[in-house]
Structures are given as structure tokens and as C-alpha cells.
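Residue numbers (our numbering): 9 to 206. Glycine residues also receive a C-beta, built at the ideal position from the N, C-alpha and C atoms. First the structure, in the form of C-alpha cells, and then the observations on it.
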């Protein structure tokens, strides 16, 4: 057990002794100066800690802001990549649709079965098979034709290229389809070009 340092102003019984005349009490001013020095040091350290906390808060805010900016940038680049891929797919499919149109035109102009020469039959069968395969492939990619004939004109899906008098159809009803339109999912890949009744 540590022994308590004895105060020079207290005697052994614990009573305070008065300093003798001419003897100054030097302990009190030394302690006061030391306490003031320590308080000054503590105050300076507290200010330093507060300044560090403020700086730390600024760095933290800056870090969070940069992290949010980076996340937004990453998401934007992902969206741009998806859109670029989508545009490329759309362009390839649109180009392929012109081939489908050509195949449909060939099949639309095939003579009646009894008029087809025997030598031409395998070629016509090949074109029909090509058309079926193209349709199946387009369907597997989510491409489907837009309904047109007999429907009311809907500018979201149809493009009217002409109007004609038609006794059996109501006005704005599609009576002929010049070019088939297609959807890719729920987006219009190509509008159907149609002729409507007046």
C-alpha cells in the first residue's frame, strides 16, 4: 500500500500548521501554475480533437458523396450498355424483317398448286420452309406480328399510308395491310403500314 505523501503544512495528527513568519507558502502558487498549465494543455487538446472530428466529418461526407457519384455513374453506364445492345438488336431484327417481307412476297405470288410445274415444287417448298423457320426464330427472340386487318387504326402500332372507300368497313378501320408490323416484347419494332377505310 502506498504511503500518502505528507503535506508540509500538516503535522502528524492532521492539524494544519501555519507557516513560520518569513517562510512563504511556495507550494500553492506552484500547484496553481501547474494546474493552469494542465488546463491550458487540455483545452488545446480538446480544440485539436474537435478540429479532427470536423475534418473527419468532412472526409466522411466527401467519401459518401464520391461513392454515390460512382454508383450513379456505374448504373448510368449499365443503362447505356443495355440500350446500346437493345439498339443493335433492334437494327439487326429490322434488317431481317426486310428479308421476311421478300419471302412473304415470293409466297404471295406462288401460282395455284395445279399450275406449279413439278420442277418448281421443291423450290417453293424450300421457300415455305424458310418462312416457317424465320417465323419460329423471330418468335424465339420475342418478335411477333402486329394485328392489323379489321382493327381500328391505332397510331401507336399502325401507319396509315392511304384511305379508300370501303362499303363494308367503318371509317378508320384497317382494310388492307401493305407491310406487316412487328413488336419486340411490348415495344414496336416496326409499325404496320396499312390502308384504312374512309
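Item, Value
"Using a Cβ-Cβ cutoff of less than 7 Å, which residues in the same chain neighbour residue 165 once the five nearest sequence positions on both sides are dropped?", "154, 189, 196, 199 and 200"
"How would you write the range of the beta strand (DSSP E) that residue 191 sits in, first residue to last?", "190-192"
"When the Cα atoms are used, what is the spatial distance from residue 125 to residue 160?", "41 Å"
"May I ask you to report which of helix, strand or coil DSSP gives residue 155?", "coil"
"Taking the C-alpha atoms as reference points, what is the distance between residue 174 and residue 186?", "16 Å"
"Please look up how many angstroms separate the CB atoms of residue 178 and residue 205, rounded, as I've assumed it's under 8 Å.", "7 Å"
"Could you check the C-alpha separation between residue 191 and residue 68 for me, to the nearest Å?", "49 Å"
"List the endpoints of the continuous beta strand (DSSP E) containing residue 202.", "200-205"
"Can you tell me whether residue 90 is buried or exposed, with buried defined as 16 or more other CB within 10 angstroms of its CB?", "exposed"
"Is residue 118 helix, strand or coil when you go by DSSP?", "coil"
"Is the CB-CB distance between residue 182 and residue 202 below 8 Å?", "yes"
"Which two residues bound the contiguous alpha helix (DSSP H) that contains residue 135?", "129-148"
"Out of 180, 73, 70 and 62, which one is the CA nearest neighbour of residue 158?", "180"
"Helix, strand or coil for residue 184 per DSSP?", "strand"
"Might you give, ordered along the chain, the residues of its own chain that have their beta carbon closer than 8 Å to the beta carbon of residue 107, omitting 5 neighbours on each side?", "142"
"Unbroken alpha helix (DSSP H) runs of length 4 or more, entirely within the region 48-85: which are they?", "none"
"I'd like to confirm something about residue 201: is its beta-carbon nearer than 7 Å to some heavy atom of the ligand FMN, or not?", "For the ligand FMN, the structure offers nothing, since it holds no ligand at all."
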